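Quick mapping for you: the protein sequence lines, in order, are chains A and B. Counting in our numbering, the first sequence runs from 6 upward without gaps. Counting in our numbering, the second sequence runs from 28 upward without gaps.
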Amino acid sequence: MTFEVHAGEYVGVVGPNGGGKSTLARLLNGLLVADAGLLRVAGRDPAMEPFEVRRRVGMLFQNPENGLVAPFVEDDVAFGLENLGVPREEMRERVAEAIRDVGLSGYERREPHTLSGGEKQRVALAGLLAGRPEILVLDEPTSMLDVAGRREVLERLEALRGEKTVLHVTHHLEELFDADRILVVNDGKLVADVTPERLFSDLELLKENRLALPTALRLALDLGLSSEGSRTPEDLASQIRQRITNRARAR
Amino acid sequence: MRLELRDVRHVYGRGTPFEVEALRDVSLAVEPGEVLGIVGGTGSGKSTLVQHMNLLLVPTSGTVVVDGVDAATLKKSELRRGVGLVFQFPEAALFAPTVEEDVAFAPRRMGLAEEEVRERVRGSLEMLGAGHLAGRSPFALSGGEKRRVAIAGVLAMAPEVLILDEPTAGLDPATRQDLLSLVRGLRDAGISVVLVSHDLDEVAEAADRVCVMERGEVRAIGTPAEVFYADLANAPATVRVGAALKVAYSNVGTPVRYGETLAALRAMLED
Numbered sequence: 006m007t008f009e010v011h012a013g014e015y016v017g018v019v020g021p022n023g024g025g026k027s028t029l030a031r032l033l034n035g036l037l038v039a040d041a042g043l044l045r046v047a048g049r050d051p052a053m054e055p056f057e058v059r060r061r062v063g064m065l066f067q068n069p070e071n072g073l074v075a076p077f078v079e080d081d082v083a084f085g086l087e088n089l090g091v092p093r094e095e096m097r098e099r100v101a102e103a104i105r106d107v108g109l110s111g112y113e114r115r116e117p118h119t120l121s122g123g124e125k126q127r128v129a130l131a132g133l134l135a136g137r138p139e140i141l142v143l144d145e146p147t148s149m150l151d152v153a154g155r156r157e158v159l160e161r162l163e164a165l166r167g168e169k170t171v172l173h174v175t176h177h178l179e180e181l182f183d184a185d186r187i188l189v190v191n192d193g194k195l196v197a198d199v200t201p202e203r204l205f206s207d208l209e210l211l212k213e214n215r216l217a218l219p220t221a222l223r224l225a226l227d228l229g230l231s232s233e234g235s236r237t238p239e240d241l242a243s244q245i246r247q248r249i250t251n252r253a254r255a256r
Numbered sequence: 028m029r030l031e032l033r034d035v036r037h038v039y040g041r042g043t044p045f046e047v048e049a050l051r052d053v054s055l056a057v058e059p060g061e062v063l064g065i066v067g068g069t070g071s072g073k074s075t076l077v078q079h080m081n082l083l084l085v086p087t088s089g090t091v092v093v094d095g096v097d098a099a100t101l102k103k104s105e106l107r108r109g110v111g112l113v114f115q116f117p118e119a120a121l122f123a124p125t126v127e128e129d130v131a132f133a134p135r136r137m138g139l140a141e142e143e144v145r146e147r148v149r150g151s152l153e154m155l156g157a158g159h160l161a162g163r164s165p166f167a168l169s170g171g172e173k174r175r176v177a178i179a180g181v182l183a184m185a186p187e188v189l190i191l192d193e194p195t196a197g198l199d200p201a202t203r204q205d206l207l208s209l210v211r212g213l214r215d216a217g218i219s220v221v222l223v224s225h226d227l228d229e230v231a232e233a234a235d236r237v238c239v240m241e242r243g244e245v246r247a248i249g250t251p252a253e254v255f256y257a258d259l260a261n262a263p264a265t266v267r268v269g270a271a272l273k274v275a276y277s278n279v280g281t282p283v284r285y286g287e288t289l290a291a292l293r294a295m296l297e298d
């Protein structure tokens with residue numbers, strides 16, 4: 006597999022179960038070591054300098070339960086910083102800022118186990134942000150969340166666009182409408198490196214890689230309508246209304 | 028089998044500072060041969076609810092009734108054979124060296140004749156489209172395959188009600204589709220299915236009725252159209268399109284499944 010991701014890019018990673026997405030994510034911070042080839046993350050080899058790389062790469066996993074360790078939200082967010090040896094005063098600032106950035110101000114003294122799935126995942130994200138990583142690797146961060154939780158987490162990720170380099174692994178293509186590029190990974194290989202527009206209009210590529218279009222987009226294509234104006238169900242509905250009005254006028 | 032919960036209440040950690048009322052007077056029925064979807068946010072009580080259906084959790088008050096009989100009076104092994112529960116991430120419990128042996132574990136424990144065991148293993152693997160995996164190690168399978176084998180293990184007990192708690196979490200879209208067709212197939216074979224999911228699109232596709240849980244209570248229960256059109260903030264994409272059009276064009280109706288929705292929209296555009 007060969008590819009490059011540039012600073013500040015938002016890159017989606019999609020493909021079937023067992024295709025290699027999570028393996029790829031784990032190679033990037035030295036949790037796994039490549040058997041051959043060259044891998045550089047922020048200029049360093051994660052297999053040789055895992056700790057240096059992990060300072061620069063924050064990883065968010067599927068299950069928010071797995072990452073939470075401390076009795077209170079603020080301690081949890083501070084946990085990584087303690088390991089990095091950040092001075093106390095600065096730690097306080099960074100923790101407060103990270104908690105604010107994920108929209109959880111006021112939650113500092115809450116106990117993580119009392120939070121909803123979306124809130125827990127945002128605490129985990131705050132823990133990453135407090136370490137000020139250059140790169141975020143998100144491995145299906147919303148797949149265990151309910152509708153509201155997904156929305157919350159996606160809004161926060163949206164806010165990071167351009168600020169961080171993001172690699173976002175997901176099964177939900179609607180999370181990648183605004184990605185700069187999407188990598189399609191299947192059978193351990195990079196099958197495609199395309200823009201969202203390209204991927205969403207290539208039905209063959211989608212099918213071969215067991216991907217499904219967001220429902221509104223799929224309806225639009227089946228109806229012969231423009232995929233451009235069909236990101237959300239509401240967009241699609243207004244496109245249909247427009248059609249009907251235009252036709253009535255023409256008559 | 029008709030499975031009914033009557034005024035079921037469940038309190039975790041009773042008498043401790045951590046006491047939580049997870050279910051409050053929940054009453055509902057799983058009708059024979061239906062797919063009942065259960066939706067609701069994290070912590071709304073979905074998993075607690077379904078774990079009462081085979082008395083894995085015992086209600087703090089209220090009763091579970093199976094075909095008119097109080098389930099508490101039935102033998103536990105009998106009840107759990109009739110009401111099969113597949114947990115979230117069931118593949119974590121796979122343990123045997125081959126798929127075949129893993130699926131055979133429960134029917135063998137039930138004391139069935141070896142021939143019957145083999146028949147059931149073959150039948151349930153086939154029903155889940157996993158017959159070709161019989162001789163493989165469960166640990167060398169993909170996520171979707173493992174999930175199907177784990178479900179087959181419960182199906183081999185020949186339950187009349189099958190409860191699936193988040194069966195598609197973490198699966199790729201195509202595998203998810205396959206699993207949903209399986210759910211419909213089980214229903215067509217006469218097995219009732221309780222499908223717990225936070226994916227509204229998938230519940231819309233598979234369920235005959237939907238129950239919405241909120242803070243330990245049943246907030247709504249009814250056909251997918253009744254439930255989803257009444258609460259658009261928690262509705263699948265198809266219903267959101269339908270509802271947004273309904274304001275101006277009532278002839279769109281209340282489509283829920285993908286096929287219905289496509290047909291309704293097509294009719295409007297061609298009208």
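From the three backbone atoms N, C-alpha and C, an ideal C-beta is built for every residue, glycine too. Values in this document were obtained by computation on a predicted structure and should not be read as measured data.
| Asked | Found |
| --- | --- |
| Inter-residue Cα distance where the pair is A/GLN247 and B/ALA264 | 19 Å |
| Bridge partner(s) assigned by DSSP for B/THR90 | B/ARG33 |
| Same chain, Cβ closer than 8 Å to B/THR125, neighbours up to 5 away in sequence not counted | ALA161, GLY162, ARG163, SER164, PRO165 |
| A/ILE245, DSSP secondary structure in three states | helix |
| Cβ pair B/ARG246, B/VAL239 closer than 7 Å | yes |
| B/ILE218 - DSSP class collapsed to helix/strand/coil | coil |
| Euclidean distance between Cα positions of B/THR250 and B/GLY64 | 10 Å |
| Residues sharing a beta bridge with A/ASN191, DSSP | A/LYS194 |
| Assumed close pair A/VAL19, A/ILE249 - CB separation to whole angstroms, cut-off 8 Å | A/VAL19 to A/ILE249, Cβ: 34 Å. No contact. |
| Simplified DSSP state of A/ARG186, which is helix, strand or coil | strand |
| Cβ pair count under 8 Å reaching 3, the region 68-82 of chain A against the region 126-133 of chain A | yes |
| Beta-ladder partner(s) of B/MET137, from DSSP | Paired residue(s): none; B/MET137 is not in a bridge. |
| The region 100-113 of chain B contacting the region 63-82 of chain B, beta-carbon criterion three pairs below 8 Å | yes |
| The region 225-233 of chain B contacting the region 146-155 of chain A, beta-carbon criterion three pairs below 8 Å | yes |
| Neighbour list for B/LEU272 in chain E, Cβ cutoff strictly below 8 Å | Here chain E cannot be found, since the structure's protein chains are A and B. |
| The region 210-217 of chain B touching the region 134-152 of chain B, judged by at least three CB pairs closer than 8 Å | no |
| Within-7 Å CB hit, A/PRO238 to chain B | yes |
| Neighbour flag for A/LEU228 against chain B, beta carbons, 7 Å | yes |
| Per-residue burial, A/HIS53 [other beta carbons within 10 Å of its own, 16 or more giving buried] | According to the sequence shown, residue 53 of chain A is Met rather than His. Exposed, since its Cβ has fewer than 16 Cβ neighbours within 10 Å. |
| Any C-beta of chain A under 7 Å from that of B/VAL113 | no |
| contact_flag[the region 172-185 of chain B, the region 152-160 of chain B] where n(CB pairs < 8 Å) is 3 or more | yes |
| Coil, strand or helix - B/GLU48 by DSSP | strand |
| Within 7 Å, strictly: CB atoms of A/ALA30 and A/VAL174 | yes |
| Residues in the region 59-70 of chain B having any Cβ partner in chain A nearer than 7 Å | GLY68, THR69, GLY70 |
| Own chain, CB closer than 6 Å to A/VAL196, minus 5 neighbours either side, in chain order | VAL189 |
| Residue range of the unbroken beta strand (DSSP E) whose run includes A/LEU172 | 170-174 |
| Chain-ordered residues of the region 192-219 of chain B with a beta carbon less than 9 Å from chain A | GLU193, ALA196, GLY197, LEU198, ASP199, PRO200, ALA201, THR202, ARG203, GLN204 |
| Near-chain B residues of the region 172-200 of chain A (beta-carbon distance less than 7 Å), N- to C-terminal order | HIS176 |
| Beta bridge counterpart(s) of B/ILE178 as assigned by DSSP | Its beta-bridge partners do not exist; DSSP assigns none. |
| Where A/VAL18 falls: helix, strand or coil (DSSP) | strand |
| Coil, strand or helix - A/MET96 by DSSP | helix |
| Local conformation of A/ASP144 per DSSP, three classes | strand |
| Within 7 Å, strictly: CB atoms of B/VAL220 and B/LEU30 | no |
| Residue environment, A/ARG60, which counts as buried when at least 16 other CB atoms sit within 10 Å | buried |
| Proximal residues, the region 283-295 of chain B versus chain A, C-beta separation under 8 Å | TYR285, THR288, LEU289, LEU292, ARG293, MET295 |
| C-beta contact flag for B/GLU129 and B/ALA123 at 7 Å | Looking at the sequence provided, one finds Asp at residue 129 of chain B rather than Glu. In this structure, B/ALA123 lies closer than 7 Å to B/ASP129 by Cβ. |
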